[in-house]
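Counting the sequence shown from 1 gives a position; the numbering used here is that position plus 368. Beta carbons: idealized from backbone N, C-alpha and C, even for Gly. The model shown is predicted, which means the values in this text are computed figures rather than measured ones. For reference, the structure discussed in these notes is given below.
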Amino acid sequence: MKVTAVSDLTTRKNDVLIDGILEEHLKHPEVLEAKVDPPVLKVLNKEQGIFQGKLGQTLVIRTDDKSIPEKKVVLVGLGKVNELDLNAIREASTSAIKTCEKEGAKNVGTLLHEIAYETPIPIQDIVQAMVEASNYELYKFDKYIRSESKSKIKNLMVLAPKLKAPGGIGEKIRSGISIGNLTSQAQTLARDLASEPSDSMTPDIFASVAKRVAKENDLEIEILGHKACKQLGMESFLAVSKGSNNSPRFVVIRYIPKGKPREKIVIIGKGVTFDSGGLSIKPAEGMETMKCDKSGAAAVLGVMSTMKELQPDVAVTMIAPLVENMTGGSAIKPGAIVKTMNGTSIVILNTDAEGRLILADAIAYAVMKEKPDKIIDIATLTGACVVALGDDIAGVMSNDNKLAKEIINAGNAVGEPMWRLPVSKEHRKSVESKVADVQNIGNRGQAGAQAGYALLEKVKNDAEWPNKPTIPLGHIDIAGPAWPKKDPWPTGFGTRTLIRLVNKH
Ligand code: BES
Ligand code: ZN
Ligand code: ZN
């Protein structure tokens with residue numbers, strides 16, 4: 369969908385017009401009269417009570433009046449003014465665009481952003497949230513469905529008569545649109561990568577997409593194959609793909625800002641293109657959903673796809689360890705002991721806890737080769753995190769309070785809810801082993817998300833300087849929100865949060 373700002377309201381040719389209404393608007397006739405056009409007012413007055421302005425509620429009004437060029441108006445509730453925030457704007461935008469789609473609209477005009485004049489929320493943020501939520505709602509993974517060209521919304525026009533007025537409002541609206549379009553495009557890329565069936569998105573194919581993204585954004589890229597990883601001593605990473613005919617790829621993309629970087633961040637995304645569980649095989653039911661086990665890698669690549677345009681003042685290195693976890697004759701067996709590139713030994717007690725094995729080497733690589741100020745990893749890591757927080761909230765674990773807050777605040781700002789999970793001494797102890805430096809699962813049935821994190825933290829500390837941890841590590845477990853059971857397609861969750869994190873000043 370193309371989003372534009374239009375200041376000349378007389379020539380517009382849209383089928384539907386979106387307008388946002390607060391609950392308070394409906395309680396004051398004179399306010400309502402000033403706010404909506406006569407045909408809309410007529411319906412609202414005639415059918416009192418059918419629309420209360422509750423958040424996300426919609427009402428379609430057919431207009432046969434010359435005062436509005438559109439044939440239909442979609443009113444969307446914005447709720448109460450004192451509860452209005454960016455999440456409410458997202459919810460209202462989602463609801464409105466969904467209704468427009470149901471009405472068969474192709475070109476949509478919107479006045480939703482005008483609510484900016486009634487709240488302290490910056491108009492740029494409002495417009496950005498509108499664009500992101502609308503694009504998100506209209507997403508479909510339908511490339512494999514044969515059908516006549518379906519009616520889709522082609523244009524969304526932000527109707528802004530004040531576009532040229534002094535005060536720079538037009539500038540702000542345009543900037544909200546352009547950053548909203550950019551993040552939407554990044555999230556769409558992440559969703560496409562996560563949605564693509566594993567047989568057509570192998571580690572090698574994923575790496576070729578990464579190559580394209582790097583090229584388009586003038587970024588440095590390294591793609592390490594089996595041999596290069598073996599030379600570096602990444603036994604843990606390589607262990608996971610031993611049972612697969614599709615060879616692993618370890619992708620590193622670097623963005624370096626023009627000036628002196630304010631800091632250096634490494635973002636790492638779990639890229640298991642398919643997780644059968646390996647020899648600790650998963651049940652047949654639902655196994656097909658494990659194509660989304662590459663959602664972390666998809667999110668970090670999405671972030672890199674915005675670098676050319678966003679040009680943040682921090683250095684960003686993206687690492688995507690890509691493997692397929694299969695059961696072939698060479699598959700790693702439970703009981704195997706492998707080493708990460710920094711030399712930490714891991715006993716693999718369950719081959720289905722594979723994400724941490726590939727992330728461990730990525731973290732070791734980050735510490736040893738990149739010397740970053742902070743490391744953030746994002747991964748569909750544990751079912752335990754879904755048990756704890758459900759499908760909509762990601763779990764955040766960290767050795768650093770400031771970084772944990774930073775991640776959770778960024779998530780809140782962009783509508784990706786996250787909650788911190790505590791990590792205790794006992795959790796760290798749960799991955800200790802008598803035969804190796806660490807084991808890849810914790811205590812059965814206890815704090816599974818934290819056990820995953822504890823292994824990563826241990827390898828990071830070892831890689832850095834034994835027992836002297838310094839680099840902050842933030843771990844985002846997206847096993848739930850990467851693909852909630854209620855959703856038809858993976859979500860690209862985390863893309864927006866990470867874009868925000870590398871861009872805040
Ligand atoms: N990829 C899964 C985690 C997952 C679960 C992702 C649900 C998305 C939705 C991960 O590799 C896994 O299998 N984890 C195991 C770990 C266990 C063996 C310690 C789990 O959570 O059961
Ligand atoms: Zn697994
Ligand atoms: Zn997995």
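Residue i and residue j closer than 8 Å at C-beta
i, j, result
"V640", "G758", "no"
"L446", "A460", "yes"
"L557", "V619", "no"
"R458", "A501", "yes"
"R864", "A822", "no"
"I846", "A762", "yes"
"A850", "P858", "yes"
"F605", "I700", "no"
"G664", "D720", "no"
"L479", "I386", "yes"
"A730", "I716", "no"
"V442", "V384", "yes"
"L869", "I775", "yes"
"D760", "G842", "no"
"T712", "K826", "yes"
"D681", "R622", "no"
"K632", "E738", "yes"
"E471", "V411", "no"
In DSSP terms, what residue i is bridged to
i, result
"D643", "N693"
"E415", "Its beta-bridge partners do not exist; DSSP assigns none."
"G670", "In the DSSP output, where bridge partners are listed per residue, G670 has none listed."
"A688", "V619"
"R788", "V764"
"T478", "I386 and V526"
"A683", "K632"
Collapsed DSSP secondary structure at residue i in the structure displayed
i, result
"Q496", "helix"
"G472", "coil"
"S698", "coil"
"T551", "helix"
"N523", "strand"
"G424", "coil"
"A721", "coil"
"I746", "strand"
"G842", "strand"
"A373", "strand"
"I489", "coil"
"Q807", "strand"
"L610", "Checking the displayed sequence, the identity of residue 610 turns out to be Lys instead of Leu. If DSSP states are grouped into helix, strand and coil, K610 belongs with coil."
"R430", "strand"
"I513", "coil"
"E653", "coil"
"I624", "coil"
"S568", "helix"
"I436", "coil"
"Y504", "helix"
Span of the beta strand (DSSP E) around residue i
i, result
"E588", "E588 to L592"
"G388", "V384 to I389"
"I633", "K632 to G637"
"I714", "S713 to V715"
"V706", "I705 to K707"
Continuous alpha helix (DSSP H) stretch holding residue i: start and end
i, result
"N871", "T863 to N871"
"H795", "K793 to K797"
"N777", "N769 to V782"
"L443", "Looking at the DSSP string, L443 is not in any alpha helix (DSSP H); the run it does join, the beta strand (DSSP E), is K440 to G445."
"Q818", "G816 to E832"
"P397", "P397 to K403"
"K676", "M675 to L678"
"A752", "G751 to L757"
Cα-Cα separation, residue i to residue j
i, j, result
"V791", "F861", "23 Å"
"N710", "N693", "23 Å"
"E677", "S375", "25 Å"
"I833", "K520", "According to the sequence as given, residue 833 is Trp; it is not Ile. Roughly 55 Å separates the two Cα atoms."
"I389", "T487", "13 Å"
"I743", "A562", "23 Å"
"T748", "V444", "35 Å"
"L550", "S673", "9 Å"
"K422", "L409", "17 Å"
"Q555", "G670", "6 Å"
"V735", "I624", "17 Å"
"N614", "W787", "35 Å"
"H481", "K395", "21 Å"
"S612", "K662", "16 Å"
"Q496", "D805", "47 Å"
"R559", "A666", "7 Å"
"G637", "M498", "27 Å"
Residue i at chain C interface by Cβ criterion, 8 Å
i, result
"E415", "The question asks about chain C, but that chain is absent: this structure has only one protein chain."
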